[in-house]
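Structure, as structure tokens:
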Amino acid sequence: MELNSSTLAVLQAIYPGAFLLDTQQVAQILGLSPKTVRNLGGKFAVPSIKIGDSRRYKIIDVAAVIDTGTVLPPQAAQPPTQRGRGRPRKVAGGVQ
Numbered sequence: 028m029e030l031n032s033s034t035l036a037v038l039q040a041i042y043p044g045a046f047l048l049d050t051q052q053v054a055q056i057l058g059l060s061p062k063t064v065r066n067l068g069g070k071f072a073v074p075s076i077k078i079g080d081s082r083r084y085k086i087i088d089v090a091a092v093i094d095t096g097t098v099l100p101p102q103a104a105q106p107p108t109q110r111g112r113g114r115p116r117k118v119a120g121g122v123q
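First residue of the sequence shown? That's 28 in this note's numbering, and the numbers climb one at a time after it.
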């Protein structure tokens, strides 16, 4: 995987000397809420390292995700559910 050095350089300029970023920083960089980053867990595009109770993300991995453009996993489109109008009827089994 080839990494765009300018993305990594920009991130290193924003967070000088940082090798690992916390959830708040990654969320700010990617334009997501911290809760979204936490909830994605293993499905998140950036691999994480668990240190104690918190998750940390390598700055080089965050730069790689920005360069590839895959922040969130693709979701399958679900067809809309067809619903009838009004109050549902008691159709099957029972007293009418």
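Think of the CB as a built atom: it goes at the ideal place given N, C-alpha and C, for glycine as much as any other residue. Just so you know, these numbers come straight off a predicted model, no measurement behind them.
Item                                                                                           : Value
Beta-carbon gap between isoleucine 76 and arginine 65 smaller than 8 angstroms                 : no
Rounded separation between alanine 72 and valine 92 - CA only                                  : 7 angstroms
Glycine 58 versus aspartate 49: straight-line alpha-carbon distance, rounded                   : 14 angstroms
Reduced DSSP secondary structure (H/G/I, E/B, other) of arginine 83                            : strand
Bounding residues of the beta strand (DSSP E) (the contiguous stretch that carries leucine 67) : Run containing leucine 67: none in the beta strand (DSSP E); it sits in the alpha helix (DSSP H), 61-67.
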